[in-house]
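Written out below as structure tokens is the structure these notes cover.
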Amino acid sequence: MTCIFLCAIFLTEAQTEQAAALYQAGRYFEASIAWERVLFENNDPHQQVAAIQGKTECLKQEGLFDPAVSFLENWQAFPFPDSDRAGIHYQLILCTYLGGHFESVVSLVDRWPHEQAGVSPAPLLGILKILSLNELERWKEAGDAYRSFIAARQLSAAPPDLYTQIPHLKSVSKAEALSTFIPGAGQFYAGRPGEAIFSILVQAAGIYFGVLSFEQHYYVSAWLIGAALFGAFHMGGVRRAEVLVQRYNRKKTIAFNEKVRTQLLSLLH
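Counting with my numbering, you get residues 25 to 293 for the letters of the sequence shown.
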């Protein structure tokens, strides 16, 4: 029995070293498989937690955030020690944020006190919640969480409140409506006057060709070329205005989030 026990220990150590070596070599897929093997061939909770963390890091390095979330969810309720369960919960929130599931990030952070009672959450989780609320454009909640985070740092001098100047975002529905009734207006609203002028000229050309063809009794040409040209560019202009406004809003949100992220991370040092 002693020999079997020692062989099992040495085998686990060898598998762990192999997984770690593969990770260090940048062979994340192979390392992920190796950690999976350690996880399911070992009953030691500490070794299992190490394997979970190792596989999670491999998935993160590969940019497979959604599979990482699914993997961690399968182990979240496992009866590990409290500190280890908190570590899994922390990684779950981080991978959920990196995967762009911002509603879930807010929910997971809010659930921490109930699911990890007695374990203080890492300050980074508060930052992730604030950034997620920004992404969801829930500015008031984000501002409240932001001020609570700064107050908890107990600083001698509070930094400038960034939420006094939240991003002014444009309305996608307004851009669509403008382009629908006034050709090019949606592009102007989105801040792209060059595209707006081009859209106006092309649609005007379609109308002109259609009217001219109709007056000369070329009814088929008026319909197939003139009306089709106008209709295609008109509908395309509506969709383009929507895309441009979404890009504008995304750019503004990213810039604001970067300012918030930089400021709050600086407070952790």
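Virtual Cβ for every residue (Gly too), placed ideally from N, Cα, C.
For His-192, same chain residues with a beta-carbon under 8 Å away, outside a window of 5 residues either side, are Lys-276 in chain order.
For Pro-217 and Gln-211, the gap between their C-alpha atoms comes out near 6 Å. Per the coordinates, the alpha-carbon of Leu-186 lies some 7 Å from the alpha-carbon of Val-284.
Taking the Cα of Val-269 as reference, the smallest distance to any Cα among Lys-194, Glu-219, Phe-104 is reached at Lys-194. In the displayed model, Pro-137 falls within a helix according to three-state DSSP. By the Cβ-count criterion, Ser-172 is exposed, with fewer than 16 other Cβ atoms from all chains shown falling within 10 Å of its own Cβ.
Rounded to whole angstroms, the separation of the alpha carbons of Pro-207 and Gln-178 is 54 Å. Nearest to Ala-49 by alpha-carbon distance, out of Trp-99, Ala-74, Ala-38, Cys-82, is Cys-82.
Counting the other Cβ atoms within 10 Å of the Cβ of Phe-126 gives 16 or more, which makes it buried. Spanning the alpha carbons of Glu-41 and Asn-67 requires a straight line of approximately 17 Å.
At least 8 Å separates the beta-carbon of Trp-136 from that of Pro-147. Rounded to whole angstroms, the separation of the alpha carbons of Ala-166 and Asn-158 is 6 Å.
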